[in-house]
Every structure is written in structure tokens, then in C-alpha cells.
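Residue numbers (the working numbering), protein chains in the order written: chain L, 1 to 656; chain E, 657 to 884. All C-beta atoms, glycine included, are put in the ideal place defined by N, C-alpha and C.
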């Protein structure tokens with residue numbers, strides 16, 4: 001008889017195999033799972049299980065139809081999630097061995113396959129890929145009160161061969177060691193005295209000297225630490241030959257080896273220098289001595305290397321290249337699953353360094369043209385807005401301002417302002433050449449409105465109150481995020497103190513700011529991805545990630561930190577972090593909000609890199625299933641934050 | 657006292673147990689959720705009940721409202737006398753292939769053991785029952801006593817598109833048509849096992865529809881079950 005013996009289980013298995021995690025399991029195991037399956041149909045409106053029930057010993061597979069998860073929270077019910085064909089139901093409760101946190105209701109006639117859980121659990125135990133998949137899905141239950149983990153683990157989109165860790169992303173961009181010109185190599189013979197060696201080291205300002213023979217083959221190395229220990233601590237006479245104290249044999253590498261590998265050698269050997277020789281053995285001529293710092297600077301894709309490059313760069317083309325490189329680093333870090341908030345901080349450091357370098361160049365240019373900065377006038381370059389919050393990962397915007405010390409007369413002030421705006425114009429032209437986009441709102445130091453004396457700024461900050469109109473309030477919000485970049489720090493600190501002093505004392509203004517957070521976004525009764533799609537209807541099916549998700553979190557962080565006078569941190573992530581540590585009753589909210597903001601920033605940056613724009617608008621169809629679920633959790637946090645803001649600032653602590 | 661004295665009690669104990677356990681009248685007030693259904697389908701060598709033979713038979717069991725995959729059965733019947741005819745083109749079972757099958761009496765006894773007290777479900781189930789009856793009559797001089805439910809008839813109640821009209825020439829919907837209405841992909845058509853599985857899914861889907869329509873849990877009386 002030629003019929004396959006198990007045609008019906010085969011059919012079930014085929015249906016299962018089209019979806020993860022079953023697609024990750026071996027075919028015969030899925031077949032055996034299917035052989036023990038039950039099939040049934042649940043009519044519209046019937047509950048598959050109720051909240052609080054104990055899960056039966058089976059995993060449910062939705063073969064047809066649609067199921068919604070309903071959460072009954074103290075008498076208020078809300079839909080928290082939607083499952084459709086191919087989803088596995090009830091796994092979270094089984095894996096955690098707890099009762100169901102939500103009720104599951106069929107919203108279409110739904111055909112379910114019930115699979116034996118005991119058998120499935122054994123399979124998951126044996127198959128790592130499927131188990132990881134299931135574990136990543138456990139946050140499905142998050143929104144109803146369990147711990148959030150958005151995964152340092154890469155999400156679905158990144159699983160497709162792109163996942164790498166941070167070391168890999170460094171190795172990928174790593175360069176080979178490039179020896180510097182031979183004149184820079186500091187050497188002495190073995191007979192040289194300690195005194196001579198010390199003199200050479202301090203003259204050349206390097207941490208060590210290489211001891212070589214007549215053919216410039218390395219014999220040993222004398223570090224400044226060894227000199228200190230022997231000559232100063234142990235009191236060895238200065239006339240002792242260096243061969244007495246040199247460290248040997250010398251650890252050598254060849255010039256063709258990877259800079260990262262050389263660093264690892266140094267770490268393993270616990271030494272501070274490595275010698276580069278012609279063929280990598282001590283038997284050939286020495287070419288260079290590299291320290292950690294040198295190698296770090298040569299390691300590709302490393303921010304430290306870029307920082308150094310920025311300091312020495314001159315031409316606009318070079319700056320553009322470096323900025324592209326910064327974006328590459330951001331991209332590879334995002335792929336490696338690094339927190340977007342940290343990446344923002346790294347990028348902010350680099351862009352600050354860039355601004356500093358550009359200001360130096362612009363000042364020199366002006367000087368050459370005979371325009372000098374006003375003598376004796378203290379001034380500072382400030383980053384405001386997103387730049388001030390260290391969230392500028394992509395070069396899609398720039399927000400900056402200048403503050404300078406007031407001069408006795410109005411004419412002098414205007415003259416100084418003219419010079420500073422000229423300087424700012426030069427700097428901003430250079431930034432644009434480096435690939436930055438101009439600020440649409442004109443928040444740039446070349447604009448006289450953003451180039452003011454400290455007295456003017458202080459007056460303006462003091463003038464913000466609850467009656468300020470919309471534009472004024474926007475200006476205030478941008479200004480509240482000010483951060484010192486270059487120049488006279490005291491000027492910026494004074495402004496910042498004034499901001500905190502004036503806002504934290506003004507309850508009415510806080511109320512007004514809270515209104516923005518609560519009202520500015522539509523009421524987010526966010527229910528799964530379908531609603532994301534529906535809500536995003538305006539922008540051609542696209543969804544505004546910034547105003548819907550990030551803005552309330554960002555503004556709430558600012559408001560809370562102003563309210564509690566937490567002025568040590570600048571970034572939104574940092575503000576939530578500080579709030580978590582300092583204000584215990586907001587600790588839980590703050591840590592949730594921080595994670596949510598981190599996720600959104602990462603999503604927006606990835607999206608921006610993919611689309612080559614600011615990443616503000618997101619097409620929901622490009623999201624993977626997991627990302628959609630995560631996004632839904634994030635919006636739940638947004639709503640919680642809005643509730644908290646309303647409670648604290650709008651209703652003044654009264655329940656409505 | 658045996659009132660039906662013209663009927664001899666069956667000699668075979670399995671058949672006798674089946675007859676004892678099975679009532680021809682369905683329990684009309686019993687909820688569907690607690691009733692046992694046996695979905696069946698057989699492939700035959702033709703439509704002539706007296707002359708054609710069963711080539712393969714499959715059953716699936718629905719109890720507690722669920723189709724239990726583990727309890728589904730499938731038999732190929734050894735039919736040395738089966739002729740090569742047009743039916744072969746439909747189900748693709750060559751007479752020679754049945755040589756690997758089991759003798760008809762054995763298959764029938766196993767089938768009877770699995771259908772104690774159950775309601776038989778099939779698409780155009782009357783034909784399948786007639787074929788089985790003919791075979792049972794040949795070997796054991798009995799016929800099936802189970803109540804039966806035709807999913808084609810159920811479809812005409814449960815699905816608007818197949819509702820009975822007053823126009824002449826209306827026929828009962830085919831399995832494929834019902835599948836299309838229920839959005840279930842037919843599977844391995846014209847194999848006993850495949851059709852059984854498809855029919856079982858249709859039955860579950862249509863019960864759900866009927867339940868939604870009536871807005872209460874179903875009882876047997878809500879389904880077009882005929883007496884055995």
C-alpha cells in the first residue's frame with residue numbers, strides 16, 4: 001500500500017512548519033507533535049481562556065482566525081494584544097508556569113491546534129534556536145504587569161545574519177598597524193645611561209624608550225615607570241646602563257597585523273607597549289613602538305580613533321568623511337545591540353569635538369581676514385534642543401546658540417553680536433559641508449535671536465511663564481535643554497541654573513508644560529499593531545515615531561528633572577536615570593520610561609539609517625512581529641508616563 | 657424475548673457488542689460538546705452499491721468538541737475482485753495496490769469497535785453508510801445503527817450561501833464548495849484520510865457558525881442528524 005501512513009498529522013505538521021518556532025525544529029519532531037494534536041473551532045466572541053485560569057497542558061496554535069487578549073485591570077477591561085494566523089497562544093503562562101494574565105477572546109471563528117506541552121517543552125529544551133525565539137516572545141505578556149526586557153538581544157530584523165557584537169563590529173573595521181615615520185622612534189643603545197634615557201623620554205614626551213643593538217634590532221624596552229622605580233624609588237645611580245633595567249624580551253608584532261589583535265596581545269601580556277618590527281620577530285629591525293593609545297586611535301570604527309582624527313582634520317571633505325564614519329560606528333553599534341542612549345552620548349562627544357575644531361578653524365580664518373573676536377568678551381557656544389540632550393546620532397538637524405558677556409553700551413553689544421554671528425555663520429557653513437542639515441526652525445547661532453548676551457538670555461528665561469504663546473514655549477523647551485560646548489563654561493552654567501531656578505519655582509508653568517505632554521499626542525489607547533497602522537493613516541500609512549512616542553517621554557523627562565531640580569544630566573535617558581535614583585516614588589516609572597525611550601531612539605535611528613532621513617516617520621509594515629509587539633509595550637509606557645504627568649502636574653495630585 | 661424472530665442474533669461477538677452499545681436514535685437534548693462524533697469517508701471502486709467495493713476507509717473522532725488527531729484511523733481494504741474502472745481515475749487507487757491492504761471483515765470489525773454509540777459524520781454520508789452496510793450485510797448480515805449527519809445538509813442550514821431555496825434544480829453543495837465558504841483549504845482530495853480530515857474541519861467550523869447564529873451552546877437537535 002503506497003499511502004503515507006500519517007497523512008493527517010502530516011497536514012498539521014505542514015501548517016505548523018510554516019511558522020516559528022516550529023520552523024526551527026526538526027521535521028520529524030514537529031510531525032510527532034502534530035500526531036498528538038487536537039483540532040477545534042472557537043466561534044466569534046467565545047473565550048479561549050479566562051484571565052486567572054490555570055493553563056491546560058497544551059500549547060495552542062492559531063491555524064485560522066484572530067484572537068484578542070483582553071486584560072481586566074481592576075474592573076477596567078482593555079484589549080492589550082492581537083494574535084492572528086500562525087501565532088502561538090498561551091505559551092508565556094506555560095513557560096512561566098503561572099495562571100493566565102489576560103483573557104483570550106476569539107474575534108473571528110478561530111481554528112486552534114492544541115499541542116501537547118510536555119512534549120513541546122522537551123523539544124524546546126533541545127533546540128536552542130527555537131528556545132531563544134520563545135524566550136524573546138515572553139515579553140508579550142509584559143504590558144500586563146511583568147518585567148520589561150526589550151532585549152539587549154538583537155531583534156528579529158537583526159537576526160538575519162546581521163547580528164554582531166561590539167567586538168566584532170570593531171574587528172570588522174579594524175585597520176592593520178601602520179608604523180609611523182622612523183624618525184619618531186625613540187631608541188638608545190644598551191650602554192646608554194639611565195640619565196640619558198630619562199632625558200630622551202622627557203624631551204620627546206613618550207612613555208618609553210626602545211633599547212636596540214647596532215642593527216636596530218630590539219633588545220629591550222625601558223618605560224618611564226621602570227625609570228621611576230629604579231632611579232627614584234630604589235636610588236640606582238643615574239650612570240647605570242639601561243641594559244640593567246630594561247624589560248626583555250620585547251613583545252613584537254608585524255606591521256601587517258590587526259591593531260585590535262595587537263591590543264589584545266598587550267592586554268594579555270600586561271604590558272603598555274608593543275614593538276613593531278619588520279617581520280614581527282625580535283630578530284629584525286624595529287619600526288615603531290605603539291602604546292594602547294596609539295593602537296586605539298588606529299583601531300577602525302573606534303570613537304577614540306575618530307576623536308583624534310577630528311582634532312587633526314582640516315579640509316571640509318575630510319570632516320564629511322569623518323562624519324560618515326561616525327554614522328557607520330552608530331550603525332554598527334546599533335547592530336550590535338548597544339543602547340541608543342549610549343550611542344547618542346558617544347556621537348555627542350564626537351560632534352562636540354567637531355564643533356570645537358570647526359570653531360578653532362573659523363576663528364583662525366576670521367583672524368586671517370583681519371576680523372578679531374571682541375577682546376576680553378567671554379562667550380560660549382551652546383548646544384540646545386536635541387543636540388543639547390546628546391541625542392543627535394544622525395546629521396539631520398543642528399541646534400546651537402551663542403551666549404556672550406554683556407558689554408556696557410547697546411552699540412557695543414550689537415557690534416559684538418555681529419562678529420559672533422559672522423563666526424557662527426562660518427562654523428555652520430562648515431557643519432553643512434560636513435553633512436549636517438540646517439535647522440528648519442532656525443535654531444542656529446547665526447540667527448541673532450540665538451546669539452545673545454547672558455543678560456538677554458537670563459531675561460528671556462525669566463520671562464517664560466504660563467501665558468507664553470506656543471512659539472515662545474517651543475523656544476523655551478529648546479532652551480531648557482542647553483548644554484555647554486566650547487568657550488566660557490560659567491556663562492552656560494549661569495543660564496542653566498536660572499532655567500532650573502525659574503521653572504521649578506513656577507507651578508503654573510509646569511502645569512502648562514505638562515499640558516503639552518498630555519495633550520500634544522492623541523489619546524493612546526494603543527492596541528497592537530493594527531491600531532498602529534490605523535493611527536498612522538495620515539502620512540501615507542506611515543507612523544510618526546517622534547511626536548507619538550518620543551516627544552511625550554522626552555518632555556516628561558525634562559519636566560520631571562526641572563521639577564525636582566535634577567540638573568546633573570542632559571540626555572533624556574540620563575534624566576530618567578537620575579529621576580530613578582533620586583526620587584524613589586518615581587523609580588519604577590523612570591526605569592520603564594528610560595528603556596522605552598532607548599528602544600524608540602534605537603528604532604528611529606535604525607529607521608533613519610535605512611531610509612537616509614531623520615527616521616521620524618516609520619512604515620509599520622517594515623517592522624517585524626517582535627518589533628511591533630515591543631512598540632506596543634513602549635506605547636503602553638508612554639501612556640503610563642502621561643498618566644503620571646497628568647496626576648502630578650495637571651490635576652495637582654488630585655485623582656480625576 | 658426476541659420479538660424480531662426473523663433476525664438471527666449476530667454470531668460475531670464484536671458485532672453484537674456494537675449493536676448493544678449503539679442506539680439508532682440520537683440523544684436530541686445532549687449538548688454537542690459532550691457528544692462523540694465519528695467522521696468517516698471511504699473511497700470505492702464505483703457508485704454501484706451492490707457491485708462496487710470499498711477500497712479504503714478513514715475515520716476521525718470528535719469528542720468534547722475537539723478533533724483528536726491521535727485517534728484518527730485509516731484502513732486500506734484488500735479487494736481482489738475490484739475492477740479497473742473510471743473511479744480509479746478519481747482516487748488513484750489501482751486494484752493491485754489494495755493487495756497490501758487488510759481483508760474486508762477485519763477492517764469492518766475494527767471500524768465497528770470505534771463507532772460504538774457515536775454519530776457518524778460525512779459529506780454525503782449516506783453513500784458511505786450504504787457502502788458499509790452492503791459490506792456488513794455480506795459478511796455479518798447486519799447494518800449500521802448509528803445516527804448520521806450529512807455535512808452537505810448541515811451546510812445548507814449553517815451557511816447562508818447554501819440555504820434551501822424554492823427554485824428547482826438546487827443540489828447539495830459539494831465538499832469543495834463548502835470548503836471555499838468556510839475558507840478551509842481542501843487537503844488531499846479523493847483520499848479517504850484527506851477527505852475525512854477536511855470534513856471534520858468543516859463540521860467543526862459549521863458547528864461554530866451555527867452556535868454563533870443561535871447564540872447558545874448547541875444541542876444535537878440543532879443539527880440535521882437523522883436516525884440510524
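- Per DSSP, residue 220 of chain L lies in no alpha helix (DSSP H); the unbroken beta strand (DSSP E) holding it starts and ends at 218–223.
- In the DSSP assignment, residue 201 of chain L falls outside any beta strand (DSSP E) and lies within the alpha helix (DSSP H) extending over 194–204.
- Distance from the CA atom of residue 699 of chain E to the CA atom of residue 748 of chain E, rounded to whole angstroms, is 10 Å.
- Between residue 114 of chain L and residue 58 of chain L the beta-carbon gap is near 4 Å, inside 8 Å, which marks them as a contact.
- Out of L:35, L:98, L:80, the CA that lies nearest to the CA of residue 56 of chain L is found in L:98.
- Residue 288 of chain L sits close to residue 182 of chain L, with the two beta carbons spaced by under 9 Å.
- When Cβ-Cβ separations below 9 Å define contact, residue 767 of chain E makes no contact with chain L.
- For residue 727 of chain E, the enclosing beta strand (DSSP E) covers residues 722–734.
- By the neighbour-count criterion, in which 16 or more other beta carbons inside 10 Å mark a residue as buried, residue 826 of chain E falls on the exposed side.
- DSSP, read as helix, strand or coil, puts residue 315 of chain L in coil.
- Between residue 86 of chain L and chain E, the shortest Cβ-Cβ separation is not below 9 Å.
- Rounded to whole angstroms, the gap between the alpha carbons of residue 633 of chain L and residue 20 of chain L is 21 Å.
- Going by DSSP, residue 608 of chain L is part of the alpha helix (DSSP H) stretching over 587–611.
- When secondary structure is reduced to three states using DSSP, residue 369 of chain L falls in the coil class, being assigned neither helix nor strand.
- DSSP places residue 400 of chain L within a strand segment (E or B) once states are collapsed to three.
- The CB of residue 35 of chain L comes closer than 7 Å to the CB of 725, 726 in chain E, given here in chain order.
- Just so you know, the alpha carbons of residue 809 of chain E and residue 797 of chain E end up roughly 29 Å apart.
- In this structure residue 718 of chain E is in contact with residue 695 of chain E, their Cβ atoms being roughly 6 Å apart against a cut-off of 8 Å.
- Using a Cβ-Cβ cut-off of 8 Å, residue 637 of chain L is close to nothing in chain E; its nearest Cβ partner there is about 37 Å away.
- Under the three-state reduction of DSSP output, residue 484 of chain L falls in the strand class.
- Contact check for residue 607 of chain L against residue 559 of chain L fails: the beta carbons are separated by 9 Å or more.
- Of the residues assessed, residue 823 of chain E falls on the exposed side of the cut-off, its CB having fewer than 16 other CB atoms within 10 angstroms.
- Per the DSSP secondary-structure output, residue 73 of chain L pairs in a beta bridge with L:76.
- Beta-bridge partners of residue 59 of chain L (DSSP): L:115.
- Contiguous beta strand (DSSP E) elements confined to the segment 692–716 of chain E occur at 693–700, taking only those with 3 or more residues.
- For residue 450 of chain L, there is no enclosing alpha helix (DSSP H), as DSSP marks it with neither H nor E.
- Taking a contact to require three or more Cβ pairs closer than 8 Å, the segment 456–468 of chain L and the segment 494–502 of chain L qualify as touching.
- Under the DSSP assignment, residue 386 of chain L falls in the alpha helix (DSSP H) whose first and last residues are 385–388.
- DSSP places residue 333 of chain L within a helical segment (H, G or I) once states are collapsed to three.
- Counting only the Cα atoms, residue 630 of chain L lies some 44 Å from residue 715 of chain E.
- The three-state secondary structure of residue 110 of chain L, taken from DSSP, is strand.
- Under the Cβ criterion of 9 Å, residue 549 of chain L is not counted among the residues facing chain E.
- Among the CB atoms of chain L, one or more fall inside 9 Å of the CB of residue 865 of chain E.
- Counting only runs of 3+ residues, the beta strand (DSSP E) found wholly inside the segment 216–265 of chain L occupies 218–223, in chain order.
- Residue 198 of chain L sits close to residue 227 of chain L, with the two beta carbons spaced by under 9 Å.
- Here residue 444 of chain L carries a coil assignment [DSSP, helix/strand/coil].
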